[in-house]
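Asker:
Numbering (this note's numbering), first residue to last: 4 to 402.
(1) Within 10 Å of its beta-carbon, does residue 305 have 16 or more other beta-carbons around it, so buried, or fewer, so exposed?
(2) Go ahead and label residue 378 buried or exposed: buried means 16 or more other beta carbons lie within 10 angstroms of its beta carbon, across all protein chains shown.
(3) Between which residues of its own chain and residue 244 is the CB-CB distance below 7 Å, once the five residues before and five after are set aside?
(4) Suppose only complete runs of 3+ residues qualify. What are the beta strand (DSSP E) ranges in the region 315-383, listed by chain order?
(5) Within 10 Å of its beta-carbon, does residue 225 have 16 or more other beta-carbons around it, so buried, or fewer, so exposed?
(6) Decide if residue 149 is buried, meaning its Cβ has at least 16 other Cβ atoms within 10 Å, or exposed.
(7) What does the Cβ neighbour count give for residue 309, buried or exposed, with the cut at 16 atoms within 10 Å?
(8) Would you kindly work out how many angstroms separate the C-alpha atoms of residue 376 and residue 278, rounded to a whole number?
(9) I want to know whether the region 314-330 touches the region 285-296 - three or more CB-CB distances under 8 Å.
(10) What are the start and end residues of the alpha helix (DSSP H) that includes residue 43?
(11) In its own chain, which residues sit with a C-beta less than 6 Å from the C-beta of residue 40, not counting the 5 before and 5 after it?
(12) I want to know whether the region 8-25 touches the region 76-96 - three or more CB-CB distances under 8 Å.
(13) Per DSSP, residue 188 forms a beta bridge with which residues?
(14) Going by DSSP in three states, residue 159 sits in which element: helix, strand or coil?
(15) If you reduce the DSSP assignment to three classes, tell me which class residue 225 lands in.
(16) Please check the pair residue 42 and residue 96, which I expect to be a contact at CB under 8 Å, by giving their CB distance rounded to whole angstroms.
(17) Please report the straight-line C-alpha distance between residue 266 and residue 303, rounded to a whole angstrom.
(18) Determine the closest residue to residue 62 out of 248, 213, 320, 102, with distance taken between C-alpha atoms.
(19) Using only the alpha-carbon positions, how far apart do residue 387 and residue 393 sit?
(20) Decide if the region 162-172 is in contact with the region 280-287; the criterion is three or more beta carbon pairs, one per stretch, under 8 Å apart.
(21) Could you give the distance in angstroms between the alpha-carbon of residue 171 and the alpha-carbon of residue 65?
(22) Is residue 86 helix, strand or coil when you go by DSSP?
(23) Between residue 373 and residue 178, what straight-line distance do the alpha-carbon atoms span, to the nearest angstrom?
(24) Tell me whether residue 79 sits in a helix, a strand or coil according to DSSP, three-state version.
(25) May I have the straight-line CA-CA distance separating residue 324 from residue 340, to the nearest angstrom?
(26) By how many angstroms is the C-alpha of residue 381 removed from the C-alpha of residue 201?
(27) Using only the alpha-carbon positions, how far apart do residue 114 and residue 53 sit?
(28) Can you give the beta carbon distance from residue 321 to residue 117, rounded, assuming they're within the 8 Å contact cut?
(29) Can you have a look at residue 71 and say buried or exposed, based on whether 16 or more other CB atoms are within 10 angstroms of its CB?
(30) If you draw a straight line from the alpha carbon of residue 127 to that of residue 85, how long is it in whole angstroms?
(31) Under a three-way DSSP split, which group does residue 487 fall into?
(32) Does the distance from the C-beta atom of residue 216 to that of residue 280 stay below 9 Å?
Structure below.
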């Protein structure tokens, strides 16, 4: 989970340095996130057919190796590629392939470990994603501040040590079988069940709700709120991660007896409210506080959908998780890219739009705030889908 958090969240920390040093646009840096998650989505879809047929250990080792190699390709792109952006795209594809494999494999591996607290355990596992994210934010942000943003390449190369060490770790452990042979519920059977399809769509909106704010918080705090790079990274970006850690650890330790559906629906609605506050609040401190609460409220959406689906279909193998992950990664890629596209579009519209703020916001600030406001649609739709899933489960239990 730490490796996954690292390869997903390193690029957003570099949005502004990449934009300024390589002459990129907001849409281009946002497109790197789109490429990241669309690559993961394609890997997830491929794993729908392969995950239950290929050695789990082989795939986990390959996932970590690709994550490390991709970081090197990305970091050295300005040195070896005539058009550095092409190298950034290639590096993103390589480490995103590794990340996509991890996304498919980690949840079913953990779910296969005998336990009477599956939902809480899944939340606890997923807590190490924001833990890894916060560590990466603090260490990378401090390094950029200490050594300068022009040394971002060496910082990224240094992080490649982690997936290399993790490769050795996976080679040394036994992994449990992901489904009982002969009893596995196939993906072909699952996709004929409406409740599973609703869960797949719901995870797409969960990914969009979580990752959009997470990926753009640093750039939003720096350019949308006018804060320094250090404050944007170490305070703005990490606050969202701290909120996610708190929510997932709490549920992992104490939440087994709580109605997970109710928590997730409330979290969806409250995270939408926090996006509105972040977008329109005139005081940066209020926007930063809303960012932390957004992380808390969105924390259970992704692992919650995974847990509820695994409990509903206990005989499914890794292919079930693969399609869920594909949907989550699609939402997580499209919406952050969409925010960047909206921000670029707003910065080019006639001056009358900026005049609505009486000159208090620059075009960049107005664009980023507008893009963030658009994302509130995702958690609102998520709440509706969760209500539909809960109703379906109650109807199924009565039968």
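Just so it is clear, CB atoms sit at the ideal spot from N, CA and C, and this is done for glycine as well.
Answerer: Inspection of the coordinates gives the following:
(1) Looking up residue 305 in the chain shown gives position 302. With 16 or more Cβ atoms within 10 Å of its Cβ, residue 305 is classed as buried.
(2) The sequence position of residue 378 within the chain shown is 375, counting from 1. That one is buried.
(3) For the purposes of this step, residue 244 is taken as residue 241 along the chain shown, with counting starting at 1. Here the set comprises 133, 136, 137, 140, 298.
(4) As far as the region 315-383 is concerned, it has no whole beta strand (DSSP E) run of at least 3 residues.
(5) The residue given as residue 225 occupies position 222 in the chain shown. Label assigned to residue 225: buried.
(6) Working through the chain shown from its first residue, we reach residue 149 at position 146. By the neighbour-count rule (16 or more Cβ atoms within 10 Å), residue 149 is not buried but exposed.
(7) Taking the chain shown and counting its residues from 1, one reaches residue 309 at position 306. Under this definition residue 309 is a buried residue.
(8) Against the chain shown, residue 376 aligns to sequence position 373. Against the chain shown, residue 278 aligns to sequence position 275. Rounded to the nearest angstrom, the two C-alpha atoms are 6 Å apart.
(9) no
(10) As a first step, residue 43 must be located in the chain shown, where it is residue number 40. Unbroken alpha helix (DSSP H) run through residue 43: 29-53.
(11) By one-based count along the chain shown, residue 40 stands at place 37. Within the same chain, residue 40 has close Cβ partners 332, 335, 336.
(12) yes
(13) For the purposes of this step, residue 188 is taken as residue 185 along the chain shown, with counting starting at 1. Answer by DSSP bridge pairing, in chain order: 319.
(14) The residue you call residue 159 lines up with position 156 of the chain shown. Three-state DSSP puts residue 159 in a helix.
(15) As a first step, residue 225 must be located in the chain shown, where it is residue number 222. In this structure, residue 225 counts as helix in the three-state DSSP scheme.
(16) Taking the first residue of the chain shown as position 1, residue 42 is located at position 39. Taking the first residue of the chain shown as position 1, residue 96 is located at position 93. At roughly 5 Å, the Cβ-Cβ gap stays under 8 Å, so residue 42 and residue 96 are in contact.
(17) Position 263 of the chain shown, counted from the start, is the residue given in the question as residue 266. Position 300 of the chain shown, counted from the start, is the residue given in the question as residue 303. So the two alpha carbons sit approximately 8 Å from each other.
(18) Here residue 62 refers to the residue found at position 59 when the chain shown is read from its first residue. Ranking the options by Cα distance to residue 62, first place goes to 102.
(19) As a first step, residue 387 must be located in the chain shown, where it is residue number 384. As a first step, residue 393 must be located in the chain shown, where it is residue number 390. Cα-Cα distance, rounded: 10 Å.
(20) no
(21) Your numbering for residue 171 matches position 168 in the chain shown. Your numbering for residue 65 matches position 62 in the chain shown. The straight-line gap from Cα to Cα measures roughly 11 Å.
(22) As a position in the chain shown, residue 86 is number 83, starting the count at 1. Coil, per DSSP.
(23) Along the chain shown, one-based indexing puts residue 373 at 370. Along the chain shown, one-based indexing puts residue 178 at 175. Roughly 46 Å separates the two Cα atoms.
(24) As a working mapping, residue 79 is identified with position 76 in the chain shown. The answer is coil: DSSP assigns residue 79 none of H, G, I, E or B.
(25) If you number the chain shown from 1, residue 324 lands on position 321. If you number the chain shown from 1, residue 340 lands on position 337. In a straight line, the C-alpha of residue 324 is about 24 Å away from that of residue 340.
(26) Counting from one through the chain shown, the residue named residue 201 turns up at place 198. Counting from one through the chain shown, the residue named residue 381 turns up at place 378. If I take the Cα positions, the gap works out to 15 Å.
(27) Taking the first residue of the chain shown as position 1, residue 114 is located at position 111. Taking the first residue of the chain shown as position 1, residue 53 is located at position 50. For residue 114 and residue 53, the distance between alpha carbons rounds to 18 Å.
(28) Within the chain shown, numbered from 1, the residue matching residue 321 stands at position 318. Within the chain shown, numbered from 1, the residue matching residue 117 stands at position 114. Rounded to the nearest angstrom, the Cβ distance from residue 321 to residue 117 is 17 Å, too far for a contact under 8 Å.
(29) As a first step, residue 71 is located in the chain shown; it is residue number 68 there, counting from the start. Around the beta carbon of residue 71, 16 or more other beta carbons lie within 10 angstroms, which makes this residue buried.
(30) Here residue 127 refers to the residue found at position 124 of the chain shown. Here residue 85 refers to the residue found at position 82 of the chain shown. Rounded to the nearest angstrom, the two C-alpha atoms are 44 Å apart.
(31) Here the chain covers residues 4 to 402 and nothing more, so residue 487 does not appear.
(32) Numbered from its first residue, the chain shown carries residue 216 at position 213. Numbered from its first residue, the chain shown carries residue 280 at position 277. If you check the CB distance, residue 216 and residue 280 do not come in under 9 Å.
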